[in-house]
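> Okay, here's the structure, questions in a sec.
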Amino acid sequence: MQDWSAEALGALEAGLLEQVADSSDSASLEAARVAILGRKGSLTEKLKGLSGLAPEDRKDAGRALNKLKQAVEAAIEARKGALQDIELEKQLEAERIDVSLPPRASYVGRLHPLPQTVEELVAIFGEMGFSWAEGPHIEDDFHNFTALNIPPDHPARQEQDTFYLPPDGEGQQKVLRTHTSPVQIRTMMSQKPPIRIICPGRTFRSDHDATHSPMFHQVEGLVIDEATNMGHLKGTLVTFLRAYFGLEDLPVRFRPSYFPFTEPSAEVDIGCDRSGGRLKIGGGKDWLEILGSGMVHPRVLENCGLDPARYQGFAFGMGIERIAMLKYGIPDLRPFFESDIRRMRHYGFLPLEVPSMVRGL
Amino acid sequence: MKLTLSWLKDHLQTDRSFEEIVTKLSLVGLEVEGVEDPAAALAPFRVAYVREAEQHPNADRLRVCTVEHADGVSQVVCGAPNAKTGMYGIFAGPGSYIPGTDMKLKPGKIRGVESNGMLVSEREMGLSDEHDGIIELVGEPAIGTPLAEVLGLNDPVIEIGITPNHAEALGIRGIARDLAAAGMGKVKPLGLTRHEGSFDSPIRWHIEPGEAEVYCPAVAGRYFRGVTNCESPTWLKRRLEAIGLRPISALVDITNYVTFDLNRPLHVFDADKVAGDVTMRMARAGEEILALDGKSYALDAETLVIADEKVPEAIGGIMGGEESGCTLETTNVFLEVAYFDPIRVARTGRRLGVTSDARYRFERGIDPEGLTWGIDVATALILQICGGEASRPVLAGTIPAPEQRVALRPERVESLGGVAVAKDRQVAILTELGFSVSERDGVLDCLVPTWRPDVDGEADLVEEVLRIEGYDRIPVTPLPRSGDLPAAVLTPAQRRRTQVRQTLAWRGLDEVITFSFMDGRQAALFGEVDESLRLVNPISSELDVMRPSVLGNLAAALQRNADRGSPDLGLFEVGPIYQDDTPTGEPWLASGLRHGLAVGRQWQGDSRPVDAFDAKADVLAVLEILGAPVENLQTSRDAPAWYHPGQSGQLRLGPNVLAAFGSLHPKVARSYGLKGKTAAFEIFLDRIPFPKAKSKAKAPPEISAFQPVERDLAFVLDREVPAETLVRAARAAERNLVSSVRLFDLYEGSGLPEGKKSLAIAITLQPKTATLTDAEIEAAMAKIVAAVNKASGATLRS
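Keeping their order, the protein sequence lines are chains H and B.
Going by our numbering, the first sequence opens with residue 696, and the numbers climb by one from there.
Going by our numbering, the second sequence opens with residue 4, and the numbers climb by one from there.
Following this line, the structure appears as structure tokens:
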């Protein structure tokens, strides 16, 4: 005889809930569920017992028993969630790693300062309408010397320490270009003015010591049209130097000088400060020679087939190593050509941004 | 070129300060390379009078002096034995720096007696080793006179870099002329006196007809008898020493002096050592001369010599001979004042490898009129210093009289120089510089002075006007712009180089720039080097040919870095190689070389050396960012000989090879001393086609609404068949359906027949119009298997 009293049902509920709460993991919880709600579960059996009650009693007992069943089912669900949380906790604990370990190695290479400086030159002169002209490194006598108003016995030619290649069948000897000026010649011979170019590139002189490398880089510039005068030469170079060194008030001085391919010619100095044994660009009372320039010599124009009575313009040139050294504090030529990783990684650039005026150099 | 201030003032009347003069020199085109003022270090030291020198109360060897100096009277304790009452010495006050002892003077007590300053010795001044006593001056010099002035050391030295066009500035008078034109003073008259001579020269000049007349158009001279060669007077020695010349004897010093003073090289022969007359003639084969530099020179028929009746006595325009040189015993002298052709002197000097002050000047062009005034200047100095008697001058040849006239349109100064200079001012400047200017129809007709052989065009005159007027007067004018925004100026090829450099750096390679030349012996490893690319005058045999490949230089760099403790590195260079000596023979490559470990030792897994696939990945990354059709590339096994024959390849589009990659040939690696594995690549940037699309606008992407299907297939095929054959066949079999074929497994070894391998690929089918049914998938796979089998002989792995 089953007891359907409220006290008995209350005791049953308490017992079942305790059974659920006692399960310590998913498996024991499932076992408890089967033991209570399975086909032969204790609660299932109890529900079956309803059929033996008188109809008037069956209604109340059924309602009470159903409530009990819902409470037990809810308890099982709740216990299931709680047990999953506990198990996840355990799993996470088991998956713990030492985050202080180093990650997989990766390395971003560094870009060489010279091409980087060329990019800066392009960025600045590009804004002023100069394009980037190129030419061969192995040149003939005409483009490297004669067209530039440097005849064979000219002292300037002797001072250039030219590298020579073997004479060809006609006795003509090619040379490694001693400056990038042949690119100017090639441009003037192939292109009608107006011309505005810069020609950065490799140059060669047979000189090798602490301050000379047999290969080095120059950038030259050329403007040819019908009206460009020395005022424009000054304007262009002052603008360039101030932009390149990032000093709006950089003092710039033009001094008369001599180059066979320009007349009048000017050397350009920038203000610097040598006090305290260190060189600082800008300000100060000292001057540092930085580049050579001048109005293109009428004979050079003629040699290129341009009428000097109609066309004129200016040219300039400077050493790229030198301006890179000055801007980036590189003390000597070693970091440029020795490929010593210790220096390259120190002075090299990350491949993050191509220099541009609007982004800032 | 060096000069001293006092020497300059021989020619320049000026009240400008030394600093003003130095600054102006650079601004007129005579670049000051250095200034040395020996007086600067001696500035604190001045003449003082010792009123009284008494015995020190506590020391036998010390005296207590009461010294009267420029700033008052001081008590000084002095240990010098010659300190005495009434002497004039040199006083250094407290606070002055004593160069000889490297000390700063402080007031103090010496043996209980106060001492404020010191009386100095020559050694303490750094002037000599003399330390027997303090400096004792003779006479009664004014108290406070600077020591430098007492010693005649108050003459600052200026060093100027002379450009080849300013030959006249190789004489101090020429420098003075430029300064005067630029407002720094007035040029003093040279004050020439003509000495007629009292007898006929027993030696006469001759010029051999022919080439010698071109080489030396004219030569003058005269004979001096009864001279006394001696040590030069102090003023002359001091000047020569100040500009770095060693005084030798009066006669020789005079020729050097005139060379630097007036840019007029001279030569003096000991007349008693000259046999008969002297002739300017071309050297005969086999002739030889011992020159004044102590070296012997073999002469040839292109060299002009000054010969007596027997042998050459000097190399014309370059250097005198030892045999006929003047010594202290010389009593009869024959003077040479010549003009030589600049080009011929330059050639001879180069051929013989001799540099001299004379050659330097003759090859830049001296004033031919110096044949006249040079005689007068030299005569005056010789007679003044060495006495004797001068003959009447002798001359051979015709003195060149260049009459170079250049027209200057006054407005050209502004149209070329950018600054307006009044016509009168232009005339004034040119006149000051020695030009004779007359005006005709608004054009200035300028007769160029004989000492300016460089001036031959209007632009030269514009420069003369501007450099004296001052380049600082030229306005700073911006270049006119062609529009509001700058145009794109880079060519696609130029932009690509930057893209390639960035890509390779991001892939972990460091960028280097190596020389365009390399060692010819090692260059041979990279193919035959054309003889036309072998330098005639290399710096060294290690840099004697133009590089046929960049890999050699990269290998050498890697080896050096490995020696320094960094063996696991990748380097790249974007630059040219040299194939022939024509303008098209210098293609640009991106070359790279990795060495050692690709993955270093690490806690997460095994390390791994670099291999050919690292290089292939670098190449493909570059080709992809450059927009090359990477999917269509074919891999061939025909990489150049400097690659490992079994671990290298080339990526090509049909016949067009875009790149080579692989491990270096072990012989190559060994020859560079590389011990680790290598992965090399060479990408021919000029050969990579540019993407065809003209517009930047893109067509919409093809995104299917239907589920893609992935299926794996494993094949067995001959080991020799390239994987690419299989992959390409699979891709081509169902072009409309197959969206990707990815090879994910390679197996060789047990379980497979000998000579076979197994490759597994993952195929993605992407339907475009409807979801694929199982039957459609099966049909597609069957078609792929058949196509793969046909192309490669591969069968499905059971």
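C-beta: ideal position from N, C-alpha, C; glycine also.
How would you label residue 752 of chain H, buried or exposed, when you count the other beta carbons within 10 angstroms and need 16 or more for buried?
Under this definition residue 752 of chain H is an exposed residue.
> Roughly how many angstroms lie between the CA atoms of residue 782 of chain B and residue 752 of chain B, to the nearest whole one?
Cα-Cα distance, rounded: 31 Å.
> State the Cα-Cα distance for the pair residue 803 of chain H and residue 521 of chain B, rounded to the nearest angstrom.
Between residue 803 of chain H and residue 521 of chain B, the C-alpha separation is close to 28 Å.
> Excluding sequence positions up to five away, which residues of its chain have a Cβ less than 6 Å from the Cβ of residue 273 of chain B?
Hits under 6 Å: 327, 329, 333.
> Spell out a yes or no on whether the stretch 669-688 of chain B and the stretch 549-566 of chain B are touching, meaning 3 or more CB-CB pairs, one atom from each, closer than 8 Å.
Taking 8 Å as the limit for Cβ pairs, the verdict is that the stretch 549-566 of chain B does touch the stretch 669-688 of chain B.
> Determine the closest residue to residue 839 of chain H out of H:956, H:864, H:773, H:782, with distance taken between C-alpha atoms.
Checking every option, the nearest Cα to that of residue 839 of chain H belongs to H:956.
> So for residue 799 of chain B, helix, strand or coil by DSSP?
In this structure, residue 799 of chain B counts as strand in the three-state DSSP scheme.
> Excluding the 5 residues flanking residue 495 of chain B on each side, which residues of the same chain have their C-beta closer than 7 Å to its C-beta?
Answer for residue 495 of chain B: 693, listed in chain order.
> Identify the continuous beta strand (DSSP E) that holds residue 862 of chain H and give its terminal residues.
Note, residue 862 of chain H: beta strand (DSSP E), 859-862.
> Can you tell me whether residue 627 of chain B is buried or exposed, with buried defined as 16 or more other CB within 10 angstroms of its CB?
So residue 627 of chain B counts as exposed.
> Quick one: what does DSSP say residue 702 of chain H is sitting in, helix, strand or coil?
It is helical.
> Could you check where the alpha helix (DSSP H) with residue 188 of chain B kicks off and where it finishes?
Segment: none, residue 188 of chain B is in no alpha helix (DSSP H) and carries neither H nor E.
> In the DSSP assignment, find the unbroken alpha helix (DSSP H) run with residue 474 of chain B in it and report its ends.
No alpha helix (DSSP H) contains residue 474 of chain B, which DSSP labels as neither H nor E.
> Excluding five sequence neighbours on each side, which residues of the same chain lie with their C-beta closer than 8 Å to the C-beta of residue 579 of chain B?
Cβ within range, chain order: 519, 589, 590, 591, 592.
> With distances taken Cα to Cα, identify the nearest neighbour of residue 562 of chain B among B:217, B:547, B:599.
Considering only alpha carbons, the answer is B:599.
> Comparing alpha-carbon positions, which option in B:771, B:355, B:247, B:739 lies nearest residue 708 of chain B?
Ranking the options by Cα distance to residue 708 of chain B, first place goes to B:771.
> Report all residues from its chain with a CB closer than 7 Å to the CB of residue 168 of chain B; omit the five preceding and five following residues, and keep chain order.
Around residue 168 of chain B: 457.
> Looking at the strands, I want to know which residues DSSP matches up with residue 761 of chain B.
For residue 761 of chain B, which the question treats as bridged, DSSP gives the partners B:719, B:750.
> Which ranges would you report for the alpha helix (DSSP H) in the stretch 533-590 of chain B if only whole runs of at least 4 residues count?
Listed in chain order, they are 554-566.
> Which partner residues does residue 665 of chain B have in the DSSP bridge list?
DSSP, once it has assigned bridges, lists B:651, B:683 as partnering residue 665 of chain B.
> Any Cβ of chain B within less than 7 Å of the Cβ of residue 959 of chain H?
Yes, its Cβ sits closer than 7 Å to a Cβ of chain B.
> Rounded to whole angstroms, what's the CA-CA distance from residue 41 of chain B to residue 158 of chain B? Just pull it up for me.
Answer to the nearest angstrom: the Cα atoms are 7 Å apart.
> Go ahead and label residue 351 of chain B buried or exposed: buried means 16 or more other beta carbons lie within 10 angstroms of its beta carbon, across all protein chains shown.
Classification for residue 351 of chain B: buried.
> Can you confirm whether residue 903 of chain H, when its beta carbon is compared against all beta carbons of chain B, has any partner nearer than 7 Å?
Taking Cβ atoms only, chain B reaches closer than 7 Å to residue 903 of chain H, which makes this a yes.
> Determine the chain B residues that contact residue 1042 of chain H at a beta-carbon separation under 9 Å, and present them in chain order.
Ordered by position in chain B, no residue passes the 9 Å Cβ test against residue 1042 of chain H, which lies about 11 Å from the chain.
> Since residue 146 of chain B and residue 123 of chain B are thought to touch, with beta carbons under 8 Å apart, how far apart are those beta carbons, to the nearest angstrom?
With 8 Å as the limit, residue 146 of chain B and residue 123 of chain B do not qualify as a contact, their Cβ atoms being about 15 Å apart.
> Might you give, ordered along the chain, the residues of its own chain that have their beta carbon closer than 6 Å to the beta carbon of residue 842 of chain H, omitting 5 neighbours on each side?
Hits under 6 Å: 880, 998.
> Quick check on residue 416 of chain B - is its C-beta less than 7 Å from some C-beta in chain H?
For residue 416 of chain B, the answer is no, since every Cβ of chain H falls outside 7 Å of its Cβ.
> Please state the DSSP three-state secondary structure of residue 35 of chain B.
Reduced to three states, the DSSP call for residue 35 of chain B is strand.
> List the residues of chain B whose Cβ lies closer than 9 Å to the Cβ of residue 1002 of chain H, in chain order.
None at all; the shortest Cβ gap to chain B is about 14 Å.
> With a threshold of 7 Å between beta carbons, is residue 977 of chain H in contact with chain B?
Chain B contact via Cβ: absent.
> In chain H, which residues lie less than 8 Å from residue 702 of chain B when you measure between Cβ atoms?
Near residue 702 of chain B there are no residues of chain H at all, since even the closest Cβ is about 28 Å away, more than 8 Å.
> Please check if any C-beta of chain H sits within less than 7 Å of the C-beta of residue 497 of chain B.
So yes, residue 497 of chain B belongs to the interface.
> Return helix, strand or coil for residue 658 of chain B, following the three-state DSSP convention.
DSSP places residue 658 of chain B in coil when its eight states are reduced to three.
> Quick check on the DSSP output: the beta strand (DSSP E) that includes residue 315 of chain B runs from which residue to which?
Residue 315 of chain B -> beta strand (DSSP E) spans 315-318.
> Tell me the rounded alpha-carbon separation between residue 263 of chain B and residue 318 of chain B.
The straight-line gap from Cα to Cα measures roughly 20 Å.
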